[in-house]
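Peer 1: Chains as they are written, first to last, in the numbering used here: chain A, 1 to 248; chain B, 1 to 14.
Note that beta-carbon positions come from the ideal geometry of N, C-alpha and C, so glycine has one too.
The structure's right below; bear with me while I get my questions together.
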């Protein structure tokens with residue numbers, strides 16, 4: 001154990017789980033009710049007939065909306081707010097999209113490969129007009145693979161925090177402090193997963209998803225840069241300011 | 001730099 005009492009671990013875990021439940025954008029119950037409400041054939045057709053710029057803007061707005069909940073999630077994590085402001089900003093800037101992608105598995109239905117988007121569930125074909133089929137299919141595959149691990153809300157909460165409070169970020173001012181906190185979070189997560197999962201490799205499989213998570217974020221940045229070269233005005237005028245600040 | 005993120009972190013929890 002990283003020199004920490006079970007009491008402290010439990011406090012850290014409960015604080016993170018509470019923060020997650022308060023800021024998860026959709027409760028598990030809401031998602032369950034929405035799960036089988038899918039976009040109609042006409043609605044999907046409508047998405048497919050949108051211009052590339054319009055659909056890119058809509059996705060940027062939805063991503064930014066989700067990121068604001070992630071910022072709120074971070075603000076309620078005691079250990080995160082004890083970090084210096086430089087590192088708080090740096091961890092959020094480099095990790096917020098990764099947390100959104102982890103959280104997205106909650107809003108993904110692996111039975112019909114649909115994801116919640118603008119109020120209803122829809123498949124990959126809904127995003128055809130974006131012109132980013134590789135990114136979209138990779139995101140869907142990631143969500144499906146995370147769903148297959150059948151994580152509980154507590155496990156999603158702790159894993160999200162461990163992804164956010166990461167030592168793999170350059171320019172951290174207090175890397176040791178970040179590392180100690182991340183270790184405690186992973187230790188708490190390991191403890192919970194050993195209880196909940198027969199498969200003793202469940203945590204290893206979960207951690208094994210992190211490189212893909214990072215790759216998705218890189219691909220998102222590349223697709224944004226490509227899109228921006230063609231439509232600089234659209235990004236400049238129509239994209240949410242926070243999205244531009246984070247990804248531009 | 002990161003004016004918006006900085007302000008979001010400063011604001012009282014919404």
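Within this structure, are the beta carbons of residue 246/A and residue 172/A separated by less than 8 angstroms?
Peer 2: no
Peer 1: Between which two residues does the alpha helix (DSSP H) containing residue 195/A stretch?
Peer 2: Segment 175–196, the alpha helix (DSSP H) holding residue 195/A.
Peer 1: Thinking C-beta only, is residue 80/A closer than 8 angstroms to residue 68/A?
Peer 2: no
Peer 1: For residue 19/A, which residues from the same chain have a beta carbon less than 6 angstroms from its beta carbon, with the 5 sequence-adjacent residues on both sides left out?
Peer 2: The beta carbon of residue 19/A sits closer than 6 angstroms to those of 73, 76 and 77, all from its chain and outside the five residues before and after it, given in chain order.
Peer 1: State the Cα-Cα distance for the pair residue 189/A and residue 7/A, rounded to the nearest angstrom.
Peer 2: 14 angstroms
Peer 1: Of all Cβ atoms in chain B, is any one closer than 8 angstroms to the Cβ of residue 232/A?
Peer 2: no
Peer 1: Find the residues of chain B that neighbour residue 88/A, judging by a C-beta separation of less than 7 angstroms, and give them in chain order.
Peer 2: 9
Peer 1: By how many angstroms is the C-alpha of residue 9/A removed from the C-alpha of residue 198/A?
Peer 2: 22 angstroms
Peer 1: Compute the distance between the beta-carbons of residue 50/A and residue 129/A, then report whether it is under 8 angstroms.
Peer 2: A contact, by the Cβ cut-off of 8 angstroms.
Peer 1: Residue 63/A to residue 39/A, Cα distance in whole Å?
Peer 2: 19 angstroms
Peer 1: Got a sec: which bits of the stretch 90–101 of chain A sit with their beta carbon under 8 angstroms from any beta carbon on chain B, in order along the chain?
Peer 2: 92 and 93
Peer 1: For the stretch 109–178 of chain A, which segments carrying the alpha helix (DSSP H) assignment without a break, of at least 4 residues, lie completely within its bounds, in sequence order?
Peer 2: The stretch 109–178 of chain A contains these whole alpha helix (DSSP H) runs: 133–148 and 153–164.
Peer 1: Excluding the 5 residues preceding and the 5 following residue 126/A in the sequence, name in chain order all residues of the same chain whose CB lies nearer than 6 angstroms to its CB.
Peer 2: 44 and 47
Peer 1: So, residue 213/A versus residue 163/A, is the Cβ gap smaller than 8 angstroms?
Peer 2: yes
Peer 1: Considering only the beta carbon of each residue, do residue 57/A and residue 120/A sit closer than 8 angstroms?
Peer 2: no
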